[in-house]
Amino acid sequence: HLEAHNMRQKCVEFLQYVKVFIFRYLEPHETEDELFHPYEKQEAQLPSLIVEELYSLMLHIGHLYDLPYFSWIFLIFTNLTGENLTNISLFEDHCGNLLYDLISLSVKRYSKVRLSEALTTHHYTCTCIKELWVLLIHLLDHRNKASLTESFWNWLNKILKKVFKKNNDTDSVPAFESIPCKDPLSFSWWIITHLASLYHIDRNGYTDEKKPVDSNWPYVEDLLKQSVNNQVILEEQLRMHLQCCLTLSHIWDVNLTIVTIVWEHYSKNLNNPFTIPWFGLKGLANISKTPLSMYELIKSYCSDIHTPDMYISCNSFQFFLHILAHIMRKAGKMNGVHPWKQIKGRIYSKFHQKRMCELTEVGLQNFLSLFLVLAALAETEDVASRMMELLRFLSPTSTSVTQKALIWKGYFAFILTYIDKSMDIRVLAEPLSVAFCEKAKEFLVARNDLVQKQNLWMLLSMYVDGVQEVFESSLYLNLSEEKLMCDGFSMLLPGCRGAELTAVLNFLQAVLFRLRTAHEQLNQGLGLGNPGPNAQPSSVAKEHHLAVAKALWRNFFPYLKSQRMVKTPPPQLADTAAGLTLLALDLPSTCTSDLQPQPIISMMQLFGWDDMVCPQLVSRYLTHLIQNSALAEALTGMGHSSYQSLFIQSWFRCILQMFINQPPETLIRTDADQTTNKAFMEQLTELTRLIFKLPEVITIFSKSHFDESVCKQDAKEAVFRFIEAVGKNYIELQHLSEKSVMVTKALVYLGDILKYVKPYLIKKGPAEGLHLTYKIIGCLVKSWAAILATSKAQPLLFRIIDCLLLPHAVLQQDKELPAVMLAAIRENLPFFLQGLSFICCHCQSQSQSAYLNQLLRDVIRQYLGRFLFLSSRVGHHPILLALCGCAPEAIHLHKTSVQVIRYENYLQFKGNAPPSRLGSVLAFSLEALQRTKSIEICDVETLLPSVLKCLILVNEPQVKKLSTEILQYLIEGCQARPGGELATQLISVFRQFIQDYTTVYDHQVYSILEKVAALSQSLVICLIPTMTEALRNSEYKQGLGRNTLQR
């Protein structure tokens, strides 16, 4: 090939040189000159000389595709005589031989070509052969203009007919005219299609797509008849034939006859699936699952896009639709009668009642595709009307569910066609919505028949998807789209479960979004597109929007309202409710009567501010709305200025109830991300982030000098920081009026907090929920102690103590609290005690103070012993953890604890027998003294007598050690505050101790006083008279005279 290419290149260069040489030296002459230049004479003789030389050359080398052999030469001489060897006859023989040779080469190449690659595989093996074809086309067509020879197409047609003609008399066919080919029909399509594309190449070798091209339609029509009328032709062959025909229709002029020929075939075979078995799933590429995909497929038929790989994606019927669409569009651009007028009767006449009833599902698919193509290109209303008329021939009882779904899909595809042409869809939407209502009613009734529900859902989901695609495709929603939002939806929703309900709610969200977007565009004055025959004023569009909105409220809102109380609503319910709320903001007049006169506030109260609504729904609902500036302006404009406080209240409740759906049997506290739905946790984090952007929250944190950004990513931590910020903010207020307003607002923030946590308390679990409850409310009691001390908030405080710390189960002696609840109380009791002690110290009312102190004593009485005896380490006792420093509230808590120890007889001996767990009580008392760092009279009155008694009556080392340390701590504490009531009480206790025990336990008493003397000599000196008195009484009682040793 390389050598031949080089030789060919040299020939081309030589001919170019000759051409340049002639035009360089040949002077132009006038037409009237009779003398001719010698070159001109030679130039005129050149073609004849070439023909003669070619004949001689052919005798020696034979055909291009053959080797020289003698039998061929003898045949030449046998068939030709010297008398008929003129220039013309020799020229025609050469052209015929050359065409035979080129066709023979093409047949050899075609034998290796797959049908699917026919258009991508050319008929020439190299560019030399291609240029021979091009030169031959130009030569024959040029001579045809002067009527010297036939055109190239006639030559080709004649030879193709001759070489592929089946004749039993093989002797009558010359040997050089016989070319073996397995599929001559497909080869003819293939070579004609590729040769037609060569017509775009001009005389200079450049491709010009706009160049006028001579067609070969008569012969192609014959080929087409053979293709469609031959029963032996397979689908894979027919695809290739029609793909070639489609390619030719793009290259050549319009020919309606080919449409008629092909339609005659397919009108009889609509039920044929036209599949190629060995293609597998590839053959299903163009099956439409949704109306939009069906409509997009129809648009692809009507487009000018034509790629070779369509062989795999399109069946032969779809190639017919491509051909039909292309020819109708191409002919429509030409002057004259529209092709629809000529095709309409031929297509319509093939459909009647019997034919429609014979259509299978595949036949219906092909029927709808045909009419959709016609609707896209011709009289849309006429085609749609005819389609509906023909579909009415189908009996509802004999039509399967899949066929009905296909019909509905076709209806929606027609509606999308109408929308694309800005035509009103009422005529198509009304019968479709009526059918939908009937099926929705059947779906609602067939609740327990799963098979029937599944079949009906196939139809209903098709309608839902179709309506959504219609709304998403319509730019302005001004084409009667509201007719599709029929009452069937109000019957469909109650029958939906799981994935079905999710699908319908997702659909509703999409419709709401499109309606609000279209209405917003209209309000912004963006107009309704380019003016045209179907243009409408904006007032008409607004009427359509109002109609759609009313249909949405009427058919969907009652169901959403009824589902807001369910335990685990689908997430889409919140999204849809938020969308309806925003719709109420845009079109308030369309809302149902039960939401009037302020539908926005009514919606917020139903889905965002109602304590009974599931926290998952509330948090997701509010996430959509909190940052909506238009909503904030509307709420403020309605005089509802407290909406921010209600947002905070709902957020607060969602945090408290984050574990509300967790099984109560979960006794072990686990990580929140594991026990709570991860999506819900992310939702709460997002809600927290939005809450902290509210102006009211920003103001609270700025006044309290807290950095709110630190805790935004942890919803629970954010609640604690918010509670602390509110408490600190209140303390820093100076004016009584400001404090009163702040108390009111703080109570709004909390809402009915005990109602929120009631499920945890009733179920006694789960562990994480109880822990969160006690921690948040404990933090609240501690940080908001000043707020809870006010008359407005005290009732809440009393309820908190009664429900969380002193519930009925605590007061029952025969019942013990569940371990999870006890653990939650133990961990968070310090917060409650600190807050309650603060309130007791700062209460102004004497009666209230008495009651509060009683509450504090009751709490300590219930939990002092419980946690004292359960703990292995006394220092971890919650009451001790609440004691920190010498603040007044810490001292008050310590006093109350000592009182409880005294009144509950924790240190009371039964005769000489010590109380149970004496060591633990003493350890607790010592730790309490060390934490408060202050000695009070109650310590001396209660602890000192018991400690002295322990030193005398108990021999346990641990008890003696603890008693000695307490004694030392009390004496040192009293020394730090000399004089006064404390010192007097200390001396009084020691005097009573000496009087009570000297007679029997004289040695122990003197031993104790000896230790006391080491701590405080002045104290013992004061006690000498008492000791003397006790000694005399002892001697008198014993009757043994003076005790020299004791004296």
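Per the numbering used here, the sequence shown starts with residue -15, numbered consecutively. Glycine included, C-beta positions come from ideal geometry on N, C-alpha and C.
Please name the residue, chosen from the options, that lies closest to residue i on a Cα-to-Cα basis.
i, options, result
"I1040", "H290, I327 and Y183", "Residue numbering for the chain in the displayed model covers -15 to 1031; residue 1040 lies beyond these limits and cannot be assessed."
"Q227", "K194, C298, T133 and S474", "C298"
"A309", "Y285, M294, L813 and K317", "Y285"
"K776", "L731, W392 and L569", "L731"
"L557", "F377, E994, I584 and L590", "L590"
"V197", "F643, D186 and D206", "D186"
"E716", "Y740, I684 and S573", "I684"
"P555", "E965, Y605, S474 and P542", "Y605"
"S634", "E649, L754, K325 and M596", "M596"
"L1033", "L140, A102 and A130", "Within the shown structure, residues of the chain are numbered from -15 to 1031, placing residue 1033 beyond reach of any answer."
"V346", "Q302, Y447 and Q337", "Q302"
"L489", "I289, F541, L461 and S382", "F541"
"E205", "L169, Q221 and V973", "L169"
"E811", "A834, K145 and Y758", "Y758"
"N896", "L970, Y714 and L935", "L935"
"Y250", "I260, T982, L354 and A102", "L354"
"T1012", "Q1001, K995, I978 and A998", "I978"
Mind checking which residues open and close the alpha helix (DSSP H) that includes residue i?
i, result
"G623", "That residue, G623, is in no alpha helix (DSSP H); it is neither H nor E in DSSP."
"F664", "K662 to I675"
"M278", "P275 to Y285"
"V989", "D986 to L999"
"F420", "R410 to V429"
"I885", "P872 to Y887"
"K551", "Careful: K551 lies outside any alpha helix (DSSP H) and carries neither H nor E."
"Y402", "V385 to D404"
"Q979", "G964 to Y981"
"I684", "P679 to S688"
"A702", "A699 to I715"
"W247", "L240 to Y250"
"E193", "First-last for E193: undefined, no H or E at that position."
"Y758", "A751 to S767"
Assign residue i to one of two classes, buried (16 or more other C-beta atoms within 10 Å of its C-beta) or exposed (fewer than that).
i, result
"K149", "exposed"
"D155", "Note on D155: pLDDT 46, under 50, position unreliable in the model; no value is reported."
"P52", "For P52, the predicted structure reports a pLDDT of 38, less than 50, and the residue's modelled location is therefore unreliable. A value from the coordinates is still provided. Exposed is the call here."
"E(-13)", "exposed"
"K3", "exposed"
"I992", "buried"
"M622", "exposed"
"T70", "Note that T70 scores 48 on pLDDT, short of 50, meaning its location in the model is unreliable and no value can be drawn from it."
"V157", "Residue placement at V157 is poorly supported in this model, since its pLDDT is 44, which falls under 50; the coordinates still yield a value, given next. That one is exposed."
"Y295", "buried"
"Y1", "exposed"
"I682", "exposed"
"V984", "exposed"
"R481", "exposed"
"M278", "buried"
"L356", "buried"
"V725", "exposed"
"G516", "Low per-residue confidence applies at G516: pLDDT is 48, beneath 50, and the placement is therefore not dependable enough to give any value."
Does the beta carbon of residue i fall short of 8 Å from some heavy atom of the ligand SAH?
i, result
"S688", "No copy of the ligand SAH appears in this structure; indeed no ligand is present at all."
Handout entry: Stretch-stretch touch, CB-based, cutoff 8 Å, three pairs: the stretch 540 to 560 with the stretch 482 to 494
Key = yes
Exercise for the section: With a floor of 4 residues, list each alpha helix (DSSP H) that falls wholly inside the stretch 468 to 522, ordered by position along the chain. Expected result: 472 to 479 and 483 to 507
Practice task
Would you mind listing the alpha helix (DSSP H) stretches within the stretch 781 to 827 that are 4+ residues and don't spill past its ends, in chain order?
Solution key: 792 to 795 and 803 to 826
Problem - Stretch-stretch touch, CB-based, cutoff 8 Å, three pairs: the stretch 981 to 990 with the stretch 944 to 962 - result: no
Practice task
May I ask you to verify whether the stretch 229 to 236 touches the stretch 188 to 206, counting CB pairs closer than 8 Å and requiring at least 3?
Solution key: yes
Exercise for the section: Entirely within the stretch 112 to 176 and at least 4 residues each: give me those alpha helix (DSSP H) ranges in chain order. Expected result: Here the runs fully enclosed are 136 to 147.
Exercise for the section: Spell out a yes or no on whether the stretch 704 to 721 and the stretch 739 to 750 are touching, meaning 3 or more CB-CB pairs, one atom from each, closer than 8 Å. Expected result: no
Handout entry: At least 3 beta-carbon pairs within less than 8 Å: the stretch 529 to 539 vs the stretch 499 to 508
Key = yes
Handout entry: Contact the stretch 839 to 849 vs the stretch 783 to 795: 3+ CB pairs below 8 Å
Key = yes
Problem - Segment contact flag, the stretch 336 to 352 with the stretch 373 to 384, C-beta cutoff 8 Å, min 3 pairs - result: yes
Practice task
Tell me, please, whether the stretch 663 to 677 touches the stretch 767 to 776 by the rule of three or more beta-carbon pairs shorter than 8 Å.
Solution key: The stretch 663 to 677 is not in contact with the stretch 767 to 776.
Exercise for the section: Would you check if the stretch 925 to 934 and the stretch 947 to 955 touch, i.e. whether three or more CB-CB distances between them fall below 8 Å? Expected result: Because the criterion of three Cβ pairs below 8 Å is met, the stretch 947 to 955 and the stretch 925 to 934 touch.
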